[in-house]
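Written out below as structure tokens is the structure these notes cover.
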Amino acid sequence: MLELSHLIWLFLVVFLFHDFEEIVMVEGWVRAKKDIIRQTVPEQLMKLIEPSLSMNTAQFAIAVSCIFAVLSAAVILTVTTLSTGTYFSFFLVCLHVMFLHVFMHVSHTVVLRTYTPGVVTAVAFVLPYCLYTYDRLLEAGLATWPLIWSTLPYSLLIVPVLYVAHRIGEAAGKVIPR
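Each residue of the sequence shown is one higher than the one before, starting from 1 at the first, in full-length UniProt numbering.
See below:
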């Protein structure tokens, strides 16, 4: 059985495996599926995601790196203060986001009726990791159901983080020679 601190560190490994699938696949996939996406996604939502559809691999990788920095901070702070639980809620929110992200990938795949970048690792790695981690945290008494439910709304804080990360990726990607 993994030590809890090791399990928390493993979060970053699972995130990277998942995002490598996205980074490697997304540019070519969007280029090939752009018409299907435009036909399927409602117009109002399309306005929000349109800038992301033109990101190249370098831009997307930079955006992922920004998110990785936030997740790394959550993991480092959580592991170094695990005995006091000072930053545990921060990690729990990140875990919620990763768990919910699985269902986003699955729903995209169902709605678009095609493979979507990230769905394989979301189902094969992220989902089992999240379920196991929730179970272990509950079993150890670090997490409780009231804490899980009370931190869930804070998952919405990922929206501005994603927005900023994507804008940084777009801006930085423009200066990277292709």
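Don't be surprised by glycine CBs; every beta carbon is placed ideally from N, CA and C.
By the criterion of a C-beta distance shorter than 7 angstroms, S52 is surrounded in its chain by H166, once the five residues flanking it on both sides are discounted. In this structure, F88 sits away from V75, with a CB-CB distance that is not shorter than 9 angstroms. Distance from the Cα of E50 is smallest, within the candidate group D35, I62, A61, V64, for D35. Rounded to the nearest angstrom, the gap between the Cα atoms of H101 and I23 is 16 angstroms.
Residue burial annotation: L156 is exposed, with fewer than 16 other C-beta atoms found within 10 angstroms of its C-beta. DSSP places T84 outside both helix and strand once states are collapsed to three, so it counts as coil.
DSSP places M55 in no alpha helix (DSSP H); its state is neither H nor E.
Between the beta-carbon of Q59 and that of G173 there is about 3 angstroms, and that keeps the pair under the 8 angstroms contact cut. Burial is judged here by how many other beta carbons sit within 10 angstroms of a residue's own beta carbon; I176 has fewer than 16 and is exposed.
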